[in-house]
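S.K.: Here it is, the structure in full.
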Amino acid sequence: MSEPYVGVYAISVAASMVSMEIQNLRVYERRGLVTPDRTPGGTRLYSPDDIEVLTRIRDLLAEGLNLAGIARVLELEDVVQRLRERLGDEEAASA
Numbered sequence: 002m003s004e005p006y007v008g009v010y011a012i013s014v015a016a017s018m019v020s021m022e023i024q025n026l027r028v029y030e031r032r033g034l035v036t037p038d039r040t041p042g043g044t045r046l047y048s049p050d051d052i053e054v055l056t057r058i059r060d061l062l063a064e065g066l067n068l069a070g071i072a073r074v075l076e077l078e079d080v081v082q083r084l085r086e087r088l089g090d091e092e093a094a095s096a
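Heads up: the sequence shown begins at 2 in the numbering used here, then just goes up one per residue.
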């Protein structure tokens with residue numbers, strides 16, 4: 002079973018999976034919203050985690066956010082996730 006952060010999907014497959022145009026995925030990479038793996042030849046490979054991020058981007062775009070807003074939302078969601086993990090670790094240690 003592969004790891005959720007390991008790139009396995011070519012850009013055309015990833016774009017199809019999230020119903021986006023390939024050019025959009027390239028824009029999101031340039032803006033730092035997603036960071037696909039690269040083969041030695043430079044081919045982008047998207048992981049299951051990348052697909053989740055692209056799905057979130059698609060949903061936020063549908064809600065009317067621009068790319069700057071989406072970048073901020075993704076950043077804040079990451080902070081919240083890390084804080085939840087930290088809180089869970091502290092609760093487990095005190096139990």
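Heads up, the beta-carbon is just placed ideally off N, CA and C, and yes, glycines get one too. Values in this document were obtained by computation on a predicted structure and should not be read as measured data.
#1: Does the structure place the segment 34-50 close enough to the segment 77-84 that three or more beta carbon pairs sit under 8 Å?
#2: Does the Cβ of GLY8 have 16 or more other Cβ atoms within 10 Å, making it buried, or fewer, making it exposed?
#3: What whole-angstrom Cβ distance do LEU84 and ARG32 have, given they're in contact under 8 Å?
#4: In angstroms with no decimal places, state the Cα-to-Cα distance between SER17 and VAL74.
#5: Return the CA-CA distance between THR44 and ILE71, expressed in angstroms with no decimal places.
M.R.: The relevant details are as follows:
#1: no
#2: buried
#3: About 25 Å separates the two Cβ atoms, so there is no contact after all.
#4: 24 Å
#5: Taking the straight line joining both Cα atoms gives about 25 Å.
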